[in-house]
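Colleague: Have a look at this one.
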Amino acid sequence: MELRWIPFGSPEYREVVELRRRVLRIPLGLDFTPEQLAGEGQDLHLTATEDGNLSGCLMLSDHGGGVVQMRQVCVEPNQQGTGVGAALVRESEAEARRRGYRRMMLHARDIAVGFYERLGYERVGEPFVEVSIPHQEMAKAL
Ligand SMILES: CC(C)(COP(=O)(O)OP(=O)(O)OC[C@H]1O[C@@H](n2cnc3c(N)ncnc32)[C@H](O)[C@@H]1OP(=O)(O)O)[C@@H](O)C(=O)NCCC(=O)NCCS
């Protein structure tokens, strides 16, 4: 597996958006708006590939005050459960540390809370609804 930080707007980024659309949005009957995607130019985009094929991705957004938010974590359905997600999260933590961030936070879908707990994230506050499904804020000191 190869982990790579890719430029916003690149051909690789367009593949990322397609994977995110297929795994995270279409199952909910939703899509990204052009405005949402245009706003991602400030974010950092990480991919995992296997033999050049995209197997997973995530992005990091500055949250201010030394905090960075991990967003849009997703793995190609036929490769889920094979360590891709954990590798993406670990690399994003290493990059956030290199950039001087002190804390990682995220909004976990209910079904993914256990995945983040295994990686050392703790629940913060009460569950809430986002993109029509239950979520839990989680965070980890870097
Ligand atoms: C959730 C997701 C990102 C996890 O990535 P993954 O590559 O499937 O997970 P990994 O294979 O790296 O799993 C790492 C560990 O977490 C566990 N795990 C994986 N998904 C889990 C889940 N949903 N709940 C609890 N534990 C989970 C694995 O069993 C593994 O445990 P181990 O270290 O004891 O072997 C991925 O399954 C996915 O894209 N799901 C659909 C989209 C989604 O829900 N994204 C999260 C949005 S917040």
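Numbering (our numbering), first residue to last: 38 to 179.
For each residue, glycine too, the CB sits at the ideal point set by N, CA and C.
Source: prediction; values computed, not measured.
Taking the alpha carbon of leucine 125 as the point to measure from, which residue in Leu97, Gly101 and Glu77 has its own alpha carbon closest?
Modeller: Leu97
Colleague: Sort out for me which residues DSSP pairs methionine 175 with in a bridge.
Modeller: Leu143 and Arg160
Colleague: For my contact list, leucine 83 and leucine 56 are in at a C-beta cut-off of 8 Å; report their separation, rounded to the angstrom.
Modeller: No, leucine 83 and leucine 56 are not in contact; Cβ-Cβ is about 12 Å, not under 8 Å.
Colleague: According to the neighbour-count rule (16 or more other Cβ atoms, all chains shown, within 10 Å of its Cβ), is glutamate 77 buried or exposed?
Modeller: buried
Colleague: In its own chain, which residues sit with a C-beta less than 7 Å from the C-beta of arginine 146, not counting the 5 before and 5 after it?
Modeller: Ile170 and His172
Colleague: Could you tell me if the beta carbon of glutamine 34 falls within a distance shorter than 7 Å of some heavy atom in ligand 1?
Modeller: This structure cannot settle anything about residue 34, because the visible part of the chain is limited to 38 through 179.
Colleague: May I have the straight-line CA-CA distance separating glutamate 49 from alanine 85, to the nearest angstrom?
Modeller: 11 Å
Colleague: Would you report the Cα separation of alanine 17 and proline 71, rounded to the nearest angstrom?
Modeller: A question about residue 17 goes unanswered here, because the residues of the chain that appear run from 38 up to 179.
Colleague: Could you check whether glutamine 106 and leucine 156 sit closer than 8 Å to each other, using their CB atoms as the reference points?
Modeller: no
Colleague: Quick one: what does DSSP say serine 129 is sitting in, helix, strand or coil?
Modeller: helix
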